[in-house]
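Asker: In full-length UniProt numbering, the protein residues as written are 1 to 276. All C-beta atoms, glycine included, are put in the ideal place defined by N, C-alpha and C.
1) Are the CB atoms of residue 144 and residue 194 within a distance shorter than 8 Å?
2) Whose C-beta lies closer than 7 Å to the C-beta of residue 124 among residues of the same chain, with five residues either side of it excluded?
3) Just the Cα atoms here: how many angstroms apart are residue 15 and residue 135?
4) Does the contact criterion of 3 or more C-beta pairs under 8 Å hold for the segment 256 to 276 versus the segment 148 to 168?
5) When DSSP builds the beta bridges, which residues end up paired with residue 90?
6) Below 6 Å CB to CB, which residues in the same chain sit around residue 75 once its five sequence neighbours on both sides are set aside?
7) Give, in chain order, every unbroken run of the beta strand (DSSP E) that is at least 3 residues long and sits entirely within the segment 93 to 117.
8) Between which two residues does the alpha helix (DSSP H) carrying residue 226 extend?
9) Compare the C-alpha of residue 66 against each of 77, 33 and 54 and name the closest.
10) Evaluate residue 267 with the Cβ neighbour count: other Cβ atoms within 10 Å of its Cβ, from every protein chain shown; 16 or more gives buried, anything less gives exposed.
11) Give me, in chain order, the residues of the same chain whose beta-carbon lies closer than 6 Å to that of residue 222; leave out the 5 immediate sequence neighbours on both sides.
12) I'd like the span of the alpha helix (DSSP H) that includes residue 127, first residue to last.
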């Protein structure tokens, strides 16, 4: 499947994103989005209301009343969303559809990127984990997700779907929490929505050149394997701003962009937010 940045099919194949869904409005709470494992709910409620997910307070609405929550790969079949403000309460229960996650094999990777054992390399990996954890902990007060996302590349071919069970050099690995977009080396990568750069780090062992963008309320997108980074941590971005270039750094066997998304500790499929 080949798509352009606006989601228009350039070659044969079906669009991978699940259809949009909309929950019946409750007074004070409106929900739309992709109600599927790996998907999300985009909500509107009272400004600055606390938002509870299955009874746990996890986020708060923006000054305009917008919020987002995510459903990870193993999300349960239903979830209750509740907004509370000054004694007012609105709640909805959503049915979450099961995702379809194929198994994919990747061979020819250097052994050190599959099962590293060198003590110095392991120490380096731990230091990089600290950097990434700090980046994913960014929480700017914004709702840049409210208008959906563009694809980060103008043209690409999807080579690995989000959530696939990975087998690396014949060894089963954790699921692939990214969608791989193949494009020529040096292709410009653009911010799919406004946000703030939470991390811009070249040369990571697994990710290579990595950028994290905070779009507000704990929604972070990640851009892996870049050959060049064109932004710095703390920089504010507009939709469409160039951030770097496609490469094959880190654990990669060819030039591509691995595009990832997290909402707090939940891994999400970023393609499901394209023009929600």
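Answerer: In short:
1) Yes, these two residues count as a Cβ contact at 8 Å.
2) So the qualifying residues of the chain are 205.
3) Unreliable positioning characterises residue 15 in this predicted model, as indicated by a pLDDT of 36, which lies under 50. A coordinate reading is not provided.
4) Contact holds: three or more Cβ-Cβ distances are below 8 Å.
5) Residue 90 pairs with 83.
6) When the five nearest sequence neighbours on each side are left out, the beta carbons in the same chain lying within less than 6 Å of the beta carbon of residue 75 are those of 37 and 96, in order along the chain.
7) If we require 3 residues or more, the beta strand (DSSP E) runs fully inside the segment 93 to 117 come out as 103 to 106.
8) Premise fails: residue 226 lies in the beta strand (DSSP E), 219 to 226, not in any alpha helix (DSSP H).
9) Minimum Cα-Cα distance from residue 66 among the listed residues 77, 33 and 54 corresponds to 33.
10) The residue in question, residue 267, is buried, as its Cβ has 16 or more Cβ neighbours within 10 Å.
11) The residues are 212 and 260.
12) It spans 119 to 136 - the alpha helix (DSSP H) in which residue 127 sits, taken as one unbroken run.
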